[in-house]
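One structure is given below, encoded as structure tokens.
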Amino acid sequence: MPENPYLNVLVTAALTLLFIVASSFGLGALARGVARLRGATPKQQANTFAGYLFAAPWIVGFLIFVVVPLGFSLYWSFTDYRVTANQPPQWLGFENYQNLLFKDDSFRASIVNTLYLTVIGLPLQMGFALLLAVMLNQKLKGERVFRMAFYLPVILGFNTAVLLCWRLMLNTGTGIINQMWRAAASVPLIGYLLRALIYVQEIFSAFFLGINNGKFNLLTKVIEAGFPAENRVPLWVQSPMWSKMSVILLMIWGCGAMMLIFLAGLNNIPKELHEAAEVDGATGWQRFWKISFPLLTPYIFYNLVVGMINSLQIFEPIFVLYRDNQPLVPSAISMVYYLWQKSFSHFEIGYGSAISWVILVFILIVTVIQFRLQDRWVTYDVY
Amino acid sequence: MTKSLQKTVLDTLAYLVLGIGALTMLLPFVWMISVSFREPAQQYSRNLIPDPIVFQNYADLFRVLPNNAFLALVFNSFKISILTVIGQVLTCAMAAFVFAVVKFKGRNLLFALLLATMMIPPQVSLIPNFIIFKYMHLIGTQWPLILPAFWGGAFGTFLLRQYFLTIPRDLVDAARMDGASLFDIFWRIYLPLSKPAVAALAIFVFKDAWNDLLHPLVYLPTDMQQTTLTVGLAFFQQQLQLGGKFTVLMAGAFLSILPLLIIFFIAQKQFIEGIALSGVKR
Chain A
1 MPENPYLNVL VTAALTLLFI VASSFGLGAL ARGVARLRGA TPKQQANTFA GYLFAAPWIV
61 GFLIFVVVPL GFSLYWSFTD YRVTANQPPQ WLGFENYQNL LFKDDSFRAS IVNTLYLTVI
121 GLPLQMGFAL LLAVMLNQKL KGERVFRMAF YLPVILGFNT AVLLCWRLML NTGTGIINQM
181 WRAAASVPLI GYLLRALIYV QEIFSAFFLG INNGKFNLLT KVIEAGFPAE NRVPLWVQSP
241 MWSKMSVILL MIWGCGAMML IFLAGLNNIP KELHEAAEVD GATGWQRFWK ISFPLLTPYI
301 FYNLVVGMIN SLQIFEPIFV LYRDNQPLVP SAISMVYYLW QKSFSHFEIG YGSAISWVIL
361 VFILIVTVIQ FRLQDRWVTY DVY
Chain B
1001 MTKSLQKTVL DTLAYLVLGI GALTMLLPFV WMISVSFREP AQQYSRNLIP DPIVFQNYAD
1061 LFRVLPNNAF LALVFNSFKI SILTVIGQVL TCAMAAFVFA VVKFKGRNLL FALLLATMMI
1121 PPQVSLIPNF IIFKYMHLIG TQWPLILPAF WGGAFGTFLL RQYFLTIPRD LVDAARMDGA
1181 SLFDIFWRIY LPLSKPAVAA LAIFVFKDAW NDLLHPLVYL PTDMQQTTLT VGLAFFQQQL
1241 QLGGKFTVLM AGAFLSILPL LIIFFIAQKQ FIEGIALSGV KR
């Protein structure tokens, strides 16, 4: 058959449309038939037909793009399947999982890195979001402008163009961030504070890198080197000790979505509560911790669950910042980056499937634990 | 301290925090725009206002890449994003409509399944989907990016259902009395009344499709005539950085976020309402 790209496109589109319509009506008719057999009234039958007809695209898509793939990927995760090899997949049993969890140093590094981003980055991100939300809630003039500025990064957030821009801005020697850092550090007291920040960050980072490779000599070296010299600046995307901090910086920068959720929560708090407390002589600080904070816990919970799922799935920033920077890769890769590398760069589909299942189980466990623990600290409906 | 003085101090503090925050948030955009109008020799300059202002970088952008590649990248991104929006809005709205309005057997079970799929990371089905499309000989074409959008999605269905639930049911009953079919009710009553929610969903879907890096990376050849802007910029930064000069690259970066910037300024209300809709509603 002669290759005609336009004809191919038309045929594929027409077939797809036909498939969607046919499968929708088929599913609707099937559901109506089942309803009739079970003795439903004509009105119930009509409703069942319409219900399945309208929901059919999603149901069929759910089968094709979720159920079937999950089954395949679970099967492949127990095999040595590779796309490049022409032989059928060989059954390996639990070998992939054993290698992953106990032997694969790169995967262990990716877990530790992802945890670092979650344990240190997420609280920072939520803290800044809450701070900005509380400040915005003061109803100052120009609130709209500020809200826009904080929300803009969410929309463009992890777009490649913006990430590339960050990459240049974070350059140690010439980047604008460090130029500003140097300018700020020349002020005596602020300079001291910034150096303390560098010190704390490097100790944390060296400790986590130590967990990665089992040797803590970097940590002792950092501590022996003592308090950073006056001309020290953060090394951002140039050093293994700063590679994760650069990603955290990007996470904090994109805290606008969380901020909007907090802002909605603050707006829902009845004014009378604050007014009554003020009459009783409570200070602003007391009112925040005794009134606002408990009533915000459902929103904090929501942000925590969504934020944790997002940070456990982080990919784009690491791809754009470190893909072509091999020496930094072990200190920066996330679980999803490792999944991409194994599956689509090395084409080890079986192994990659095992990684994806480990990530899935990991996220499920974390989410279930959070829902279990929520009764202990989340306050619903106290007013 | 008197009350008014205390308030002044607190307000000043709030302005300070908000001001520093806003400047930090906007810095990358300001810097990107600034660099894109600079002469290459001044790329490291600390002045945010370029002196002189030049437009050469934008002209170079179209000259440096062969065969109008930059235009092809823009076109591909628009094509994929717009088709994704059409597919998602249509199929999500249909499913959301029956979940909100029509009572039928198995509805609750289906809705529970829908919510459960939101928990599954997309990466798990990425590999099998890749293999499925490979057997359909669609790898290297844009179909794998467009087709899945026409089969609904959990997030969009949930968002629209929440909005549909706020529309009074009396409208449905009255329309039924007049002999309207369910499709009429969907098309003539629910969709027109839900413009804010539909707009919010459309914007979210467009944003995600436009920013997507992982899927184009996996499915499309890294060939500038066929891939999207995100992949194009990530892979061809070397070609755009002529002799270590990144002013042209920043011109490309700015043009590639411009559509989202424009949409954001036109439709920020929908964005913010959309967040509130998808947010805490148990």
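Protein sequences, first through last, are from chains A and B. According to the numbering used here, the stretch in the first sequence is residues 1 to 383, in order. According to the numbering used here, the stretch in the second sequence is residues 1001 to 1282, in order. Even for Gly, the Cβ is constructed at its ideal location relative to N, Cα and C.
Beta-carbon spacing of residue i, residue j below 8 Å
i, j, result
"M259/A", "A133/A", "yes"
"L164/A", "V336/A", "no"
"S334/A", "F315/A", "yes"
"T297/A", "W357/A", "no"
"I1080/B", "A1209/B", "yes"
"L1260/B", "L140/A", "no"
"D1060/B", "V1248/B", "yes"
"F102/A", "I355/A", "no"
"Q238/A", "A1014/B", "no"
"L312/A", "F362/A", "yes"
"F1133/B", "T16/A", "no"
"F65/A", "P1148/B", "yes"
"L209/A", "M169/A", "no"
"S243/A", "Y322/A", "yes"
"P1050/B", "V162/A", "no"
"A1200/B", "E1273/B", "yes"
"V1205/B", "Q1088/B", "yes"
"S1125/B", "L219/A", "no"
"L1217/B", "I1189/B", "no"
"E159/A", "T1230/B", "Per the sequence shown, residue 159/A should be read as Asn rather than Glu. In this structure, T1230/B lies closer than 8 Å to N159/A by Cβ."
Opening and closing residue of the alpha helix (DSSP H) in which residue i lies
i, result
"S357/A", "Checking the sequence, you will find Trp at residue 357/A rather than Ser. Here the alpha helix (DSSP H) through W357/A covers 349-377."
"I190/A", "188-213"
"Q313/A", "Looking at the DSSP string, Q313/A is not in any alpha helix (DSSP H), and its letter there is neither H nor E."
"N1211/B", "1195-1211"
"E272/A", "271-279"
"R44/A", "Residue 44/A is actually Gln in this sequence, not Arg. Element bounds for Q44/A: 42-62."
"L1258/B", "1247-1266"
"P330/A", "329-332"
"H1215/B", "1214-1219"
"L164/A", "160-169"
"Q326/A", "First-last for Q326/A: undefined, no H or E at that position."
"E224/A", "217-225"
"S243/A", "243-253"
Coarse secondary structure for residue i, derived from DSSP in three states
i, result
"K141/A", "coil"
"T423/A", "The question about residue 423/A has no answer, for chain A in this structure spans 1 to 383."
"K103/A", "helix"
"T1141/B", "coil"
"V112/A", "helix"
"W91/A", "strand"
"K1103/B", "coil"
"D1011/B", "helix"
"T79/A", "strand"
"S1004/B", "helix"
"I1120/B", "coil"
"P1028/B", "helix"
"G1153/B", "coil"
"A1180/B", "coil"
"Y6/A", "helix"
"G1087/B", "helix"
"R1038/B", "coil"
Contact belief for residue i with residue j at Cβ below 8 Å, rounded distance in angstroms
i, j, result
"L1073/B", "T1228/B", "7 Å"
"R1161/B", "A1096/B", "4 Å"
"Y338/A", "S77/A", "About 15 Å; that fails the 8 Å criterion."
"T79/A", "L92/A", "6 Å"
"I349/A", "I1127/B", "6 Å"
"L1048/B", "S1034/B", "5 Å"
"V154/A", "A264/A", "15 Å between Cβ atoms; not a contact."
"S353/A", "S73/A", "4 Å"
"F1254/B", "M1032/B", "5 Å"
Inset, instruction - Count the CB pairs spanning the region 1091-1105 of chain B and the region 53-71 of chain A that are closer than 8 Å, and state whether there are at least three. - result: Cβ pair count under 8 Å is three or more, so yes.
Inset, instruction - Would you be able to state if there are at least three C-beta pairs under 8 Å between the region 112-127 of chain A and the region 246-263 of chain A? - result: With the cut-off at 8 Å, the region 246-263 of chain A and the region 112-127 of chain A touch.
Inset, instruction - Report yes or no: do three or more beta-carbon pairs, one from the region 189-198 of chain A and one from the region 1263-1271 of chain B, lie closer than 8 Å? - result: Touching, no, given that fewer than three Cβ pairs across the two stretches are closer than 8 Å.
Inset, instruction - Answer yes if the region 165-181 of chain A comes into contact with the region 226-235 of chain A, meaning at least three C-beta pairs across the two stretches below 8 Å, and no otherwise. - result: Counting Cβ pairs under 8 Å, three or more are found: they touch.
Inset, instruction - Please confirm if the region 1170-1184 of chain B is in contact with the region 1142-1149 of chain B, defined as three or more CB-CB distances below 8 Å between the two stretches. - result: With the cut-off at 8 Å, the region 1170-1184 of chain B and the region 1142-1149 of chain B do not touch.
Legend entry - Segment contact, 8 Å Cβ cut-off, at least three pairs: the region 321-331 of chain A with the region 300-307 of chain A: Not touching, per the Cβ criterion.
Inset, instruction - Report yes or no: do three or more beta-carbon pairs, one from the region 223-231 of chain A and one from the region 96-112 of chain A, lie closer than 8 Å? - result: Touching, no.
Inset, instruction - Could you tell me whether the region 1185-1197 of chain B touches the region 1039-1057 of chain B, where touching means 3 or more Cβ pairs closer than 8 Å? - result: With the cut-off at 8 Å, the region 1185-1197 of chain B and the region 1039-1057 of chain B do not touch.
Inset, instruction - Evaluate contact between the region 45-54 of chain A and the region 1098-1108 of chain B, counting only Cβ atoms and requiring at least three cross-stretch pairs below 8 Å. - result: When C-beta atoms of the region 45-54 of chain A are compared with those of the region 1098-1108 of chain B, three or more pairs fall below 8 Å, so the two segments count as touching.
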